[in-house]
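*Asks:* Each residue of the sequence shown is one higher than the last, beginning at 1 in UniProt numbering.
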Amino acid sequence: MKPALPLRLAMALMAFVSCFHIPMTALEAAEAKRPNILFILVDDQSPFDLKIYNPDSPLQTPNLDKLADSGMVFTGAYHMGSFSGAVCTPSRHMIMSGRTVWHLPIAPWGSKTCPPELEQQTIPAVFNRAGYATMRTCKMGNSYEAANKLFTVRHDAIKRGGDEESGSGWHGQQVLNYLAERETTKETKPFLIYYGFSHPHDTRDGRPELLAKYGAVNHTDPNSVPSLHSIQPKLPLNYLSAHPFDTTHSDVRDEVDVSGVWRHRDEASIRNEIGREYACSENIDIQVGLVLKKLEQMGELDNTYIIYTADHGIAIGHHGLMGKQNLYQHTWRVPFIVKGPGIKAGSRTEGNIYLLDILATLCDMAGITPPETNEGLSFKPVLTGEKDIVRDVLYGAYSGGSKPGMRTVKKGDWKLIQYEAPDRSVNETQLFNLKENPEELLLQHRDTEIAQLSGVHPTPAQTNLANDPAYAEKRVEMEAVLLAEMRRLDDPYRFSNQPSDNLPEPPKPAAKGGKGKNKKKQP
């Protein structure tokens with residue numbers, strides 16, 4: 001009978017171990033259910049390039065269309081602006097840190113308004129601490145380097161060429177390689193992948209077959225213009241051959257030195273450059289599709305939140321401009337699509353979100369407490385259908401040239417843009433009813449030659465209303481809203497028609513990129 005004791009002991013030990021094994025399995029299961037995150041960021045893309053915002057666009061993006069059909073499209077997503085001609089730099093700082101534009105470490109007074117070691121409270125640092133596997137590929141430079149280097153896996157490079165190795169295919173391959181390695185090593189940690197591209201920012205050297213599709217060529221002679229082709233994209237509805245006044249930074253590199261356009265604003269140059277933009281954007285769509293297909297093959301797609309957006313928009317002929325140093329809708333707004341668990345397929349919302357809201361929202365999605373340094377708002381309630389918007393008023397700034405530069409504010413259907421640069425004799429105000437005038441058409445769009453090119457014939461009510469006596473009260477109201485936002489957000493500048501608030505003169509941002517007054521840099 002003695003052998004029975006060891007048997008009972010063995011059974012007891014097995015029961016004891018199983019008690020501990022059950023919760024361990026539950027923990028592993030909980031870890032496996034934590035959502036993955038795929039954050040896709042493109043460089044310089046207007047929302048109006050995409051069919052989901054502009055049904056007349058010839059740009060083919062079947063993978064983004066499918067993403068939109070299975071998720072939520074935001075019609076009110078914005079970047080907060082820039083104090084630098086390199087608009088992408090503060091934009092990417094805001095994405096990473098959740099900080100407002102004047103509270104960034106690189107902003108005027110940044111050392112006073114920004115906590116030390118902010119990089120430790122950015123997306124990669126927060127998700128590393130939460131047990132996520134973090135990976136990044138994106139363009140190199142004009143970003144938040146102190147935060148970028150915190151991703152566990154990082155492959156950054158500028159890739160704006162026309163083949164797989166020199167173009168967007170390179171960024172896509174980095175993500176595919178990373179996912180393949182996860183499969184090989186049987187990695188169980190949830191992932192956060194920052195999937196960035198160098199395109200469609202110029203130089204827009206697209207794949208030859210895609211350039212041909214849009215009737216475009218990589219034009220290299222600044223003393224001539226490319227040929228017109230019927231298959232090229234049409235001119236924007238708000239096309240102008242020149243902006244009607246100095247925007248306070250009209251000599252910025254993006255307005256005078258973009259390869260393929262330079263200072264030309266003729267129909268042929270603009271249509272060709274839009275074709276190049278579309279060729280680069282379609283290639284991005286192809287690369288996004290390959291990664292989504294891989295996630296589906298791995299069984300990870302349904303447990304992954306996917307965000308697609310851009311660091312800011314771009315002009316390319318809209319309003320006679322080329323770059324992103326303006327605050328019109330084509331440049332201030334960004335494309336924004338979100339797909340993932342709990343998000344209604346095929347839904348559409350305004351949102352009124354900033355790119356700086358991304359950190360708070362990613363944390364909310366993953367069940368992580370956002371860092372105390374975060375100033376953004378989680379738009380998860382919008383994603384779940386509880387809200388339509390997260391704020392009533394939107395503010396934008398650009399002061400990368402003469403000061404104070406440009407400011408905009410939007411409330412409901414109304415939008416005000418103010419321009420001031422005493423050293424350039426610039427003092428202009430624009431007031432738009434975006435419901436009646438979504439293209440922000442100006443008096444110059446009524447010009448016969450321009451109307452023939454664009455096909456648009458605006459009424460007087462579909463132009464700038466700032467100087468119309470019938471809208472004087474609305475202008476005063478919107479100017480008050482702008483001042484309130486400037487004060488709330490610690491804007492260090494004031495316009496001449498505003499109280500000075502006894503603000504000290506802001507310090508000049510530290511010079512970067514070496515010496516030389518006219519050093520050219522691709523923002």
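All residues carry an ideal CB built from backbone N, CA and C; glycine is no exception.
The structure presented is a predicted model; accordingly, all values stated were derived computationally and were not measured.
Could you say which of ASP392, ALA397, THR349 and TYR278 lies nearest to GLY162 if we only look at CA atoms?
*Replies:* Considering only alpha carbons, the answer is TYR278.
*Asks:* Among THR361, VAL476, SER454 and LEU483, which one has its Cα closest to the Cα of ARG407?
*Replies:* Ranking THR361, VAL476, SER454 and LEU483 by Cα distance to ARG407 puts LEU483 first.
*Asks:* My output table needs one value for ALA77: the three-state DSSP class, helix, strand or coil.
*Replies:* Looking at ALA77 - three-state DSSP - the assignment turns out to be strand.
*Asks:* By how many angstroms is the C-alpha of LEU192 removed from the C-alpha of LEU38?
*Replies:* Those two C-alpha atoms are separated by around 6 Å.
*Asks:* Considering only the alpha carbon of each residue, which of GLU300, ASP65 and LYS293 lies closest to residue 548?
*Replies:* The chain is shown from 1 up to 523; residue 548 falls before or after that span and cannot be answered.
*Asks:* How big is the Cα-Cα spacing for GLY85 and ILE106?
*Replies:* Approximately 13 Å between the Cα atoms of the pair.
*Asks:* Suppose only complete runs of 3+ residues qualify. What are the beta strand (DSSP E) ranges in the region 40 to 87, listed by chain order?
*Replies:* DSSP runs (the beta strand (DSSP E)) wholly in the region 40 to 87: 72 to 74.
*Asks:* Could you tell me whether the Cβ atoms of VAL252 and GLN325 are closer together than 7 Å?
*Replies:* Against a cut-off of 7 Å, the Cβ pair of GLN325 and VAL252 comes out as a contact.
*Asks:* Expressed to the nearest angstrom, what Euclidean distance is found between the alpha-carbon atoms of GLU386 and LYS403?
*Replies:* Cα to Cα, GLU386 sits roughly 41 Å from LYS403.
*Asks:* Helix, strand or coil: how does DSSP classify SER198 here?
*Replies:* Strand at SER198.
*Asks:* Got a sec? Which residues, its chain only, sit under 7 Å from ALA26 by beta carbon, not counting five neighbours each side?
*Replies:* Any reading at ALA26 must be qualified, since the residue scores a pLDDT of 48, below 50, and its modelled position is unreliable; the value itself is stated next. Cβ within range, chain order: n/a, list empty.
*Asks:* Is the region 459 to 468 touching the region 361 to 371, taking contact as three or more C-beta pairs under 8 Å?
*Replies:* Flag = no, the region 459 to 468 and the region 361 to 371 do not touch.
*Asks:* What number of angstroms, rounded off, separates the C-alpha of HIS201 from the C-alpha of ASP43?
*Replies:* Whole-angstrom Cα-Cα distance: 5 Å.
*Asks:* Quick one, are the C-beta atoms of PRO226 and VAL217 less than 7 Å apart?
*Replies:* The answer is yes: Cβ separation under 7 Å.
*Asks:* At 4 residues or longer, what runs of the alpha helix (DSSP H) sit wholly inside the region 372 to 440?
*Replies:* Listed in chain order, the complete alpha helix (DSSP H) runs (minimum 4 residues) inside the region 372 to 440 are 380 to 383.
*Asks:* What number of angstroms, rounded off, separates the C-alpha of CYS280 from the C-alpha of PRO504?
*Replies:* C-alpha separation (whole angstroms): 44 Å.
*Asks:* Examine the Cβ distances between the region 98 to 117 and the region 489 to 509 and report whether three or more of them are shorter than 8 Å.
*Replies:* Output reads yes: the region 489 to 509 touches the region 98 to 117.
*Asks:* Nearest-angstrom Cα distance between LEU235 and ILE314?
*Replies:* About 14 Å.
*Asks:* DSSP three-state label for LEU503, please.
*Replies:* DSSP places LEU503 in coil when its eight states are reduced to three.
*Asks:* I need the straight-line Cα distance from MET322 to ARG34, nearest angstrom please.
*Replies:* Approximately 43 Å between the Cα atoms of the pair.
*Asks:* Could you tell me the distance, in whole angstroms, from the CA atom of GLU477 to the CA atom of THR100?
*Replies:* Near 24 Å, if we compare the C-alpha coordinates of THR100 and GLU477.
*Asks:* So what does DSSP say about LYS339, is it helix, strand or coil?
*Replies:* LYS339 falls in the strand class under three-state DSSP.
*Asks:* For the candidate residues TYR305, LEU237, HIS264 and SER230, whose alpha-carbon lies nearest to that of GLY455?
*Replies:* Here the closest residue by C-alpha is LEU237.
*Asks:* So, using beta-carbon positions, are THR185 and ALA147 closer together than 7 Å?
*Replies:* For THR185 and ALA147, no; Cβs fall outside 7 Å.
*Asks:* Out of curiosity, what's the CA-to-CA distance linking THR349 and SER70?
*Replies:* C-alpha separation (whole angstroms): 14 Å.
*Asks:* Closer than 7 Å by C-beta to THR137: which residues in its own chain qualify, once you throw out the five before and the five after it? Chain order, please.
*Replies:* If we look at THR137 and ignore the five residues flanking it on each side, its Cβ neighbours are HIS155, ASP156, HIS171, GLN174, VAL175, TYR195 and GLY196.
*Asks:* Checking the sheet assignment: what are the DSSP bridge partners for ALA133?
*Replies:* In DSSP, ALA133 forms a bridge with PHE191.
*Asks:* Once the 5 residues before and after SER166 are set aside, which same chain residues still bring their CB inside 7 Å of it?
*Replies:* For SER166, where only same-chain residues beyond five positions count, the Cβ hits under 7 Å are LYS159.
*Asks:* Which residues does DSSP list as the beta-bridge partners of ASP156?
*Replies:* For ASP156, which the question treats as bridged, DSSP gives the partners CYS138.
*Asks:* Rounded to the nearest angstrom, how far is the Cβ of SER168 from that of ASN63, given a contact under 8 Å?
*Replies:* That pair is no contact at about 13 Å.
*Asks:* So, are the CB atoms of ALA242 and GLY320 less than 7 Å apart?
*Replies:* Yes, these two residues count as a Cβ contact at 7 Å.
*Asks:* HIS330: which of PHE48, ASN36 and LYS189 sits nearest, CA to CA?
*Replies:* That would be PHE48, whose Cα lies nearest to the Cα of HIS330.
*Asks:* According to the Cβ coordinates, are GLY275 and TYR214 closer than 7 Å?
*Replies:* Contact: yes.
*Asks:* Using the C-alpha atoms, what's the distance from PRO190 back to ILE22?
*Replies:* Residue placement at ILE22 cannot be trusted, given a pLDDT of 41 that sits under 50; the coordinates are not used to answer.
*Asks:* Alpha carbon to alpha carbon, how far is GLY340 from GLY260? Give it in angstroms, no decimals.
*Replies:* Straight-line Cα distance between these residues: approximately 39 Å.
*Asks:* Nearest to ASP285 by CA position, among ASN54, LEU150 and ASP65, is which residue?
*Replies:* Considering only alpha carbons, the answer is ASP65.
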